[in-house]
Every structure is written in C-alpha cells, then in structure tokens.
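Numbering (our numbering), first residue to last: -1 to 639.
Right, dumping it as structure tokens:
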C-alpha cells in the first residue's frame, strides 16, 4: 500500500467512524428528549436495606413499570439546594437490571454519565433493579451528596442517592412507594408518612418522585424527638440522632430557644408552606457537617457536642434557622432558573444571592430573635463577616454576581486562596447586601417599614401550600418597591456587579455601628479558635493556619504573601521557636514595638526555607463599635411580638 492510498483509507475510515458516532449520538439524543408534564404510567417502588449501614453499604431493590422498546433511566444529577451537578453516581455499584427473571444489558450514555440506556424486550412490564450505594467513610467525599453519612450508631439517607427514575417525564409526575429496612432497635425521623411498619421494616405512603427526593431520613440507636410547636395545628418536630445517648438530649433552655425559632420564623413570614415540618439533626464527629434544605424537613449535620458544648452551640446555632427559612425562600419561592422539570436538567444559579444570601441574613436575624444569640453575639457575627468581606482581595477581579453565576464551580473549587478566588461569597456578602437593603428601607421610610414587610409580601401568601412559585430579579425589585419606593434595581446592581477594593455594602454604618479593630479577639473569634485551635490573622500579617502550622489561606498581596508564603506550606518555627498559634501571635505583638521582621521557618513538602514578614501593625481583630444615629442593628435583632 503506498502512502496516498494509505492516507485515503484513513480518511475513509474516519468518515465512516464519524457517521457511526453521529448515528449513535442521534439515537442517544432521541432518548434524552425533553421531559413531558404528563403522569408516568404505573408506580415505582424502592426498598432500601440499611441493615449494613454500619459498613457504609445501602442495598437497594427498585421496580419500575415499563413498556417494550427503548428505555432510559436517569440518576438524579442536580439536587435542589446543592446548586451543582452533585449526584454521587460514582458511589453506585453492582447495578443489575432484570426483567422476567433475565438479566438485561444496559449501557451508559457517552455524553451524560447520569443516563443509562437499555432495550425492554417484548412481554416485559417491569424492570427490577438491584444495586448498592457505597457511602463514603469518615474524611472521604465532598461537602454535598457524597459525604460520610453513616456510623455504627446511625445513618443519614438522602433518597436521591438510592433511586433511578424514567427519563421523559416531569419528576413530579412519577409516583414511587419507598420502604426501608433498619437495623434492629433503631428509631427514625423523616417527613415521609408511614403507611405501615412491621418490626424494623417501614413502608411509607406513595409520593411523587420530587417529594421522595425532598424527604431524607435519619435513623439510629440513640434518638430523641421533641415537639417544637406544642398545641399548634401544624406540627413541627426536632428529630435528633447521635453517636451517644448524652448527645441527643436538649436542655430546657435549648428546647425553649428552638421553639422560639419556629415562632419567630412564622411571625417573620406571616404564613407557612408545609403540612408538617421535621428538623432532622445528626450529631456526630464521623459524618459530614452541613445543612441541606427540604420543603417539609431539613438535613442538619453538626458535631457531636452541639448540645453539650456552649461554644459549639453558639457557633453552630444558625444552621437550623438557615435551613428552616429555606422552606419559604428556596423551596416555596424559588428563582425561575433554579426550577427544573426533573433532576437532570441543568440549573442556573444567578439569583443565589437571594436564595442563599437572603436566607443567610434572615437566619442570623432569627438566631438572635430566638435568643440563641445575644445582641452582642449577633454583632460579633456581623463584625466578623464585615471584616472578612472587607478583606476580600478577589473583589478586584470578581463580582459578587459572578460568585453566584459560577456556583457549580465555586462549591467544588480548589483549596487555598479563598480570599482571592472568592468562592461562595454570596452567603456572607449576601448577608451584608440584605442588611444594606433592610437598613435602607428603614431609613427611607423613617422606621415605618423594613425587610420584614418584604418577607410578608414575597412569601406570606397561600398559607399551607408547598407548590413552588418561581421568581425573577424583576419580581424581587417590584416587591421591594411595593414596600418602599426606590430605585432598587440600580441599588442592587451597583453592589452585585461591583469590582474594586472597597466593600460596596454599608448596612452596618447605616445601622448605627462601625467596624473597628483591636488586639483582642471578639467572643465569636475566641470561641472559634478554642474549638478549631487554629488562628486567623487575615487582618494583620494576612494568613490563617491550623494548630499544626498548615497554612490555610494567604491574603493576596498581603505581608505574608510578599514574604513568599502561600497556602499549603507548613510553619515549623516562629522567630527560632517551635510553632504554635500562640507563638505566632506573640511574635506579631512583639514586632509592633520593633523593626525586625517576623521570621518563620516553613516547610514545602521536604524543602525548608525562611520567610521574613515585614509587618509591625500588631494583632487586629474586628469588633462593632457604636456610632451615630439610630441603633438599627438592635431593632433588627429584637424579637417580634
């Protein structure tokens, strides 16, 4: 074969290959047709065997009614509240699909890893799926979806992890009946309604696939359930599971505070959007720590000593109020671009500064109104947020709006350089944005109106309904104008789109306070350092580090940066002495009255070097100090009557 002929054969082969791929792609595209808003014929069932939960294995058997022909199964990819394609399909193993007792071949979609294609033979009316979900262990996984969720004493089940569903339909139009098998003697909590229970096997009433995914379950050996709305027509309960019996019990004061969260939240919004509500609280040092909202429940995971350590209780007090607020803001009212017909249509996160930022603002306010924080603790939190966002070097290139737009990236971004990357700043700076709005409403109206009025207008309708109502940027602006006429679109866009050195939000100043720095940490910072045993010196030398010297973050162009320090290095010694957080703080204090730089011996893998930080400003910790005008922060944090 000569070279021209050889080349021609390659071209011909490439053309044939391209045509084959094109045909295959077209076939797969047809199977990924847009979902239709029509009922799926028949009811799915799923049985989740949790008896091996201690081994981090969830065994699943699922049945799906079908008709003969091409068929596509989907595994939930975009989970509401996670704001990214986080469905942990990589943790699904052992998938075997049978029909009439015979195993069927299946193939994963080459362009969509969450879709599985197969051909249903003639005479088949049901598929039987068996597989395992292999839950990560302690220290494995990511923030959402695939974090550790079981120990020898408890299990957390997010049902999106243990079920496939048919493509081509709105997921709300698919009915499923769940059953779980628990280890002997374990108790459970979930928003699902029990149909019958036989020993440790619990069958729940059929629900839509939407509500199935939206109703996680917790279970364990050490379990407690308390009533947070005694005597109310609409029940609210707190379900607690933990690794130890002592960890799941609330004190009388803590119970009173949690009940006040429910009272104050309902007063804020003036309506509720659930038939019943169940807080699902997991207290363990061996699971992931986060919160995830659901319409009639919340999946809240905190360290084991949440109820037994006063500092931990204070630091983590706002998590459950945050997720509770999401029943209104995020579940009932949801940005239009975050509503999708099923769990495999891409979501868009441009309004997360409302979905998450406004929720974060109200969760801090409600934590104070419920008495979980004192007014001083509320101010400490706002001082730390204001200082942290004021020091965000990444604002030079990245707007607040972009942190929301890029949430699928920022939730799972690389470690280090948090101040320069900016990450999920729509949470903390979102708080400052909405404090800015709240204080502006109060200023413009002479104290007659506030953001509480927006809460009533935007969320306080259709009492009891939990059918999602979507909104747009214009809807937010129009409702703000109903509360208090102003150019809110310009006000919001000026802050959302801003890039530069200055913090664009001024709610603390307008609220009658100002940010100041002293050489003593505020109470929240002191508690945080006491629990984490690290040190945050972003406002002084420009770095934060662990108790063992691992550098978490370095302020871009700050003193530590200019000395050559970067995240990931390890501080070994400070001015010739062994490193400790206290030793580093002592060196900063000593340098304030001298001219010599602070010398750090640092390790980069196996290479040692000396960094000389030329800084003489002393320790700097944020506080709020009373300024002129009305104390609007005090008014905002005061409980409603």
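No residue lacks a Cβ here, since even glycine has one placed at the ideal position from N, Cα and C.
{"query": "Please determine, among 499, 98 and 627, the residue with the shortest C-alpha to C-alpha distance to residue 508.", "result": "627"}
{"query": "What's the C-alpha gap between residue 272 and residue 293?", "result": "7 Å"}
{"query": "Check the C-beta distance from residue 563 over to residue 603 and give it rounded, since I have them as a contact under 8 Å.", "result": "No, residue 563 and residue 603 are not in contact; Cβ-Cβ is about 15 Å, not under 8 Å."}
{"query": "Suppose you measure from the CA of residue 456 to the CA of residue 438; what does that come to, to the nearest Å?", "result": "18 Å"}
{"query": "In angstroms with no decimal places, state the Cα-to-Cα distance between residue 578 and residue 191.", "result": "52 Å"}
{"query": "Is there contact here, the segment 442 to 459 with the segment 342 to 352, by at least three beta-carbon pairs under 8 Å?", "result": "no"}
{"query": "If I follow the unbroken alpha helix (DSSP H) through residue 619, where does it start and stop?", "result": "Per DSSP, residue 619 belongs to no alpha helix (DSSP H); it is in the beta strand (DSSP E), 619 to 624."}
{"query": "So residue 664 is in the alpha helix (DSSP H); what residue range does that whole segment cover?", "result": "For the chain, the structure presents residues -1 to 639; residue 664 sits outside this window and is missing."}
{"query": "Please classify residue 634 as buried or exposed, where buried requires at least 16 neighbouring CB atoms within 10 angstroms.", "result": "buried"}
{"query": "Thinking residue 210 and residue 72 are a contact (beta carbons under 8 Å), I'd like their distance in whole angstroms, please.", "result": "Not a contact, Cβ separation roughly 14 Å."}
{"query": "I'd like the ranges of any beta strand (DSSP E) spanning at least 3 consecutive residues and lying wholly in the segment 558 to 610.", "result": "568 to 572 and 596 to 602"}
{"query": "Is residue 402 buried or exposed, if buried means 16 or more other CB atoms sit within 10 Å of its CB?", "result": "buried"}
{"query": "What residue range is occupied by the uninterrupted beta strand (DSSP E) comprising residue 57?", "result": "55 to 63"}
{"query": "Decide if residue 386 is buried, meaning its Cβ has at least 16 other Cβ atoms within 10 Å, or exposed.", "result": "buried"}
{"query": "Roughly how far, in whole angstroms, is the beta-carbon of residue 360 from the beta-carbon of residue 266, given that I think they are within contact range, below 8 Å?", "result": "7 Å"}
{"query": "Note down, one range per segment and in chain order, each alpha helix (DSSP H) of at least 4 residues found wholly within the segment 394 to 437.", "result": "398 to 403, 405 to 408 and 416 to 419"}
{"query": "Does DSSP classify residue 114 as helix, strand or coil?", "result": "strand"}
{"query": "Decide if residue 329 is buried, meaning its Cβ has at least 16 other Cβ atoms within 10 Å, or exposed.", "result": "buried"}
{"query": "Can you tell me where the beta strand (DSSP E) with residue 353 in it begins and where it stops?", "result": "Where residue 353 is concerned, there is no enclosing beta strand (DSSP E), although the alpha helix (DSSP H) it sits in stretches over 350 to 353."}
{"query": "With DSSP collapsed to three states, give me the class of residue 486.", "result": "helix"}
{"query": "Which residues does DSSP pair with residue 467 in a beta bridge?", "result": "331"}
{"query": "Under the DSSP definition of a beta bridge, which residues are partnered with residue 69?", "result": "116"}
{"query": "Taking residue 88 as part of the beta strand (DSSP E), name the residues at either end of that continuous run.", "result": "First-last for residue 88: undefined, no H or E at that position."}
{"query": "Is it buried or exposed, residue 488, if we count other Cβ atoms within 10 angstroms and call 16 or more buried?", "result": "exposed"}
{"query": "For residue 314, which three-state DSSP category applies?", "result": "coil"}
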